[in-house]
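Residue 251 in numbering that gives the first Met the number 0 sits at position 252 of the sequence shown, with consecutive numbering throughout.
Inspection log for the structure reproduced underneath, given as structure tokens.
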Amino acid sequence: MKNNIIVVLLALAAMFTAGCKKYLDINTNPNYPQKVAANLYLSPIQANIALGLQNDGRFLGKYVQNWVGNASNDLWDRHGHNQYAASGADFGGELWRVVYWRMGQNLSDMIALAEKEKRWDIVGAGKVLRAWGWQMLTDMHGEIIMKEAFDPNKKTFQYDSQQDIYTEVVRLCKEGIADLERTDGASSKSYFGQGDMIYKGDKDKWIKFGYGLLAINALHLSNKTDLFDADLVIQYVDKALSSNLDDAIVPFAGSVTSDASYFGPRNNTVATFRQSEYVVNLMNGGATSGVVDPRMNKMLVPAPDGKFRGLSPTFGYGTLVTAQRPFTLWRTVAVPAPGVGSWYIFNDNSGFPIMTYAQLQFIKAEAALKKQYNNIALQAYVNGISAHIDYVNEIYSKNTPVTGVTTVSATEKNAYLSNINIVPNASSLTVQQILLQKYIAQWGWGFIETWTDIRRNHYEAAKLNGFMVPTNLFPDNNGLPAYRMRPRFNSEYVWNRDALGKVGGLKTDYATFEMWFTKP
């Protein structure tokens, strides 16, 4: 990790200095890099991907009720936003900034340089990362800028349809996979691995990641009978991550704020967040006929009185007395000192997932069930639960657990997977059960995919295990939940208003406009 920090700092310095070429021409320092090596772009790009997801995840996490605010009438609990002129805020716009700026031209330069040097592994990974950016951004914001995004001759930029973006994601993934599969040229695992924090230069895992992204892309079309292909989803998943060892996780050292998880105590960004009543109900037996999930006391936190409770969105603590109020996500009453504590993925040094084997198994299970491949669906469903239990255990095998908290034992795991209320007969498995377990596996990190599941099902409580939209919604929403996050204020609403207006972005209720992929 120490080497990764050095790589990130050197790459960032060189990337930002590259914009000062005129000065470098007359002040050449032989001890300072004038050109960024292709592999050095990767670490800062990957770190910013994780930080962008975490930053925006603070707000998306409230939309999907991973957590809620501890005070009443929280803006984001109400599916609101503060992206308007009076605030000038960019909350909910960090991934936008990552895709267009922090990745942006840097990713283009990395791909171009790697192509010139015939480093096809880096070229392929770069294309897959570009595809990932487009996929996540369109799933979050709807119409986005793609074709004109990096045109240096333009000052305003036209938006592209979601359908075009989905098509481009497929093209880039397939091109990237083909590049990664090449055996000619100067591909080198050791060279690639110097900057690759996620897979250490293992191009086979990048190929699997590309197929995983294709599976995500294909599943999201489930409401479009003319485009959805469940068999294709299954094929993609079968070529994607094959175990937890393939999970795409961005690491953090956590020793300083700049290299600590955005959700850890050092950054102190989630101190007022509390787990939701919804997720507690999924794990405490409320949604599973009384079967308590053995992961609950490894992921969620109790109140001082030892009982597990969650808060309902917009109500804050409500009538709960101090002893009944759930702890912070760090399992503490107040913000702990940096580096102190060890709780699930909310530590300073917690790695942050961007794709996991368990997630993809649930995607396969849903696709298989839609084709009535019941046995395939059930096996994928079980694989997903089992893998996520192992993922939770792996976290606690690396960190010192809180006193009294141990890993899920083999006996507990087998009992859970043997319970008919958790794992039914193949003919009885439902999409609701798949989405319940997928929600748990993605809790705390898979915000965009979880929101996509909720929106594909149009927020219907019966399909989403009792998910309830707050009644006290943001006034601009006109009684509707959010279907998209408004674009980043300080780029689109300040500099690109005309183009934004063409897709409806200037309307006050724009956040409630349905997505292309949610419609038939």
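Here a beta-carbon is modelled for each residue, glycine too, at the ideal position from N, C-alpha and C.
Keep in mind it's a predicted model, so treat the numbers as computed, not measured.
Taken in chain order, no unbroken stretch of beta strand (DSSP E) lies wholly in the region 131 to 176 with a span of 3 residues or more. Secondary-structure assignment with DSSP links A425 through no beta bridge to anything. From the listed residues S288, W342, Q53 and A460, the smallest Cα separation to I419 is found for S288. Unbroken beta strand (DSSP E) stretches of 3 residues or longer found wholly inside the region 328 to 377: 351 to 354, given in chain order.
Of the residues assessed, N105 falls on the buried side of the cut-off, its CB having 16 or more other CB atoms within 10 angstroms. By a beta-carbon distance limit of 8 Å, A367 contacts I233. Their separation comes to about 6 Å.
One thing to note: N471 has its Cβ within 8 Å of the Cβ of T313. Residue ranges of uninterrupted alpha helix (DSSP H) with 4 or more members, entirely inside the region 48 to 114 and ordered along the chain, are 93 to 96. Counting only the Cα atoms, Y390 lies some 11 Å from K397.
Here DSSP, grouped into helix, strand and coil, assigns V127 to helix. Around the CB of Q371, fewer than 16 other CB atoms lie within 10 Å, so the residue is classed as exposed. M109 is a Cβ neighbour of Y40, given a cutoff of 8 Å. Between the region 137 to 154 and the region 163 to 171 there are three or more C-beta pairs closer than 8 Å, enough to call the two in contact. The continuous beta strand (DSSP E) containing I248 extends over residues A247 to V249. For S417, the secondary structure class from DSSP, reduced to helix, strand or coil, is helix. For W450 and T517, the gap between their C-alpha atoms comes out near 11 Å.
Per DSSP, the beta bridge partners of R273 are V67. When DSSP reads this structure, F314 sits in a beta bridge with S71.
Ranked by how close their Cα comes to the Cα of K207, the residues G500, Y482, N243 and G350 have N243 in first place. I215: member of the alpha helix (DSSP H) spanning K202 to L218, first to last residue. When the Cα atoms are used, G60 and G87 turn out to be separated by approximately 22 Å. Rounded to the nearest whole angstrom, the CA to CA distance from V381 to F156 is 46 Å. With fewer than 16 neighbouring CB atoms inside 10 Å of its own CB, P151 falls in the exposed class. Take the alpha-carbon of R96 and the one of K306: they are about 40 Å apart. For Q323, there is no enclosing alpha helix (DSSP H), as DSSP gives it neither H nor E.
Between the C-alpha atoms of S385 and K506 there is a straight-line separation of about 45 Å. For A302, the CB contacts under 6 Å within the same chain, skipping 5 residues up- and downstream, are R308, Q323, R324 and P325 in chain order. About 6 Å separates the Cβ atoms of R483 and H140, confirming a contact at the 8 Å cut-off.
With respect to the 8 Å criterion, P474 and D76 are not classified as neighbours on the basis of their beta carbons. Counting C-beta atoms within 10 angstroms of its own C-beta, P519 has fewer than 16 neighbours from the protein chains shown and is therefore classed as exposed. Within 10 angstroms of the beta-carbon of K154 lie fewer than 16 other beta-carbons, which makes it exposed. Contact check between the region 268 to 288 and the region 373 to 380: fewer than three CB pairs, one atom from each, fall below 8 Å, which does not count as touching. For the set E513, I439, D497 and P423, the Cα lying nearest the Cα of R455 is the one of E513.
A buried status is given to Y492, since no fewer than 16 other beta-carbon atoms sit within 10 Å of its beta-carbon. In terms of Cα proximity to G211, the closest of W131, R294, V422 and E114 is W131. Taking 8 Å as the cut-off, the beta carbon of Q64 is found no closer than this to the beta carbon of Y261.
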